[in-house]
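If you read the protein sequences in the order shown, they are chains G and H.
Using this note's numbering, you'd call the opening residue of the first sequence number 1 and step up by one each time.
Using this note's numbering, you'd call the opening residue of the second sequence number 1001 and step up by one each time.
Cβ coordinates follow ideal geometry from the N, Cα and C atoms, glycine included.
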Amino acid sequence: EAGVAQSPRYKIIEKRQSVAFWCNPISGHATLYWYQQILGQGPKLLIQFQNNGVVDDSQLPKDRFSAERLKGVDSTLKIQPAKLEDSAVYLCASSLDLPQGSTDTQYFGPGTRLTVL
Amino acid sequence: GESVGLHLPTLSVQEGDNSIINCAYSNSASDYFIWYKQESGKGPQFIIDIRSNMDKRQGQRVTVLLNKTVKHLSLQIAATQPGDSAVYFCAEKVVGGSYIPTFGRGTSLIVHP
């Protein structure tokens, strides 16, 4: 079974530029997550989708970050304009859609390492 | 070797030793806990989980211990191997609440051959 795919793996941009990341979850996984992982810290959730709907985007800086999952499969995360503090690894994860109260395993992709100069 | 989690983020052990990685969680309502392993350049990988109605759960070479009284979680790795070198995160969540686990800072495990 193929894992979560992400691209690009690395990206270097200058501040105030725009950047987009792509994620293809595991086939059949209804739930997709985007995380930001700053060096030396644990992943922090940015946004969660269930199919093509947003479940939780409370920690997404909406003035500069946006994400979409139009067809309920692939997803893109965009930053416009980027700031120096956006330098981090952006992780995508997916999981099956289980009823609330069940436990479910998240499968993570390799991440995209963003450096903002 | 043993770490104290957030206060000692690096644990160095010799190959073959047993490793203990500690984690203090914050939410007394959390009832589900997960350990992840993150190797360099990769995303976190699920290792083992435990529900709050258990004190101990064993996997292959790994054991998770949960002490709800002091909100403490530990991951024990038996006969540590160089391939175990990674950053280990504990995550907590409330099963009936938000689905999203909250990750701790992580502990770096370095295994010397």
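Q.
For the pair the segment 1017 to 1024 of chain H and the segment 58 to 67 of chain G, tell me if three or more CB-CB distances fall below 8 Å.
A. no
Q: Mind checking the segment 1021 to 1054 of chain H against chain G and listing, in chain order, the residues whose C-beta falls within less than 9 Å of any C-beta there?
A: Tyr1032, Ile1034, Tyr1036, Gln1038, Gly1041, Lys1042, Gly1043, Pro1044, Gln1045, Phe1046, Asp1049 and Arg1051
Q. Out of Gly1083/H, Ser1040/H and Lys1071/H, which has the shortest C-alpha to C-alpha gap to Cys1090/H?
A. Lys1071/H
Q.
The beta strand (DSSP E) that contains Arg64/G, what's its start and end?
A. Where Arg64/G is concerned, there is no enclosing beta strand (DSSP E), given that its DSSP letter is neither H nor E.
(Q) Using a 10 Å radius around the Cβ and a threshold of 16 neighbouring Cβ atoms, would you call Asp1084/H buried or exposed? (A) buried
(Q) I need the straight-line Cα distance from Leu60/G to Ile47/G, nearest angstrom please. (A) 6 Å
(Q) Any beta carbon from chain C within less than 9 Å of Ala1086/H's own beta carbon? (A) The structure shown contains no chain C; the protein chains it does contain are G and H.
Q.
Just to confirm the assignment, what range does the beta strand (DSSP E) spanning Ser75/G have?
A. Ser75 to Ile79
Q. Mapping DSSP to helix, strand and coil, what is Glu85/G?
A. helix
Q.
Just checking: is the beta-carbon of Arg1061/H within a distance shorter than 9 Å of some beta-carbon in chain G?
A. no
Q. Are Cys23/G and Ser87/G closer than 9 Å when you measure CB to CB?
A. no
Q: Under the assumption that Tyr1025/H contacts Leu1073/H (Cβ atoms under 8 Å), give the Cβ distance between them as a whole number of angstroms.
A: 6 Å
Q: Using the Cα positions of Gly72/G and Ser95/G, report the straight-line distance between them to the nearest angstrom.
A: 13 Å
(Q) Distance cutoff 9 Å, beta carbons only. Does Gly40/G sit that close to anything in chain H? (A) yes
Q. Got a sec: is the Cβ-Cβ distance from Ala1091/H to anything in chain G below 9 Å?
A. yes
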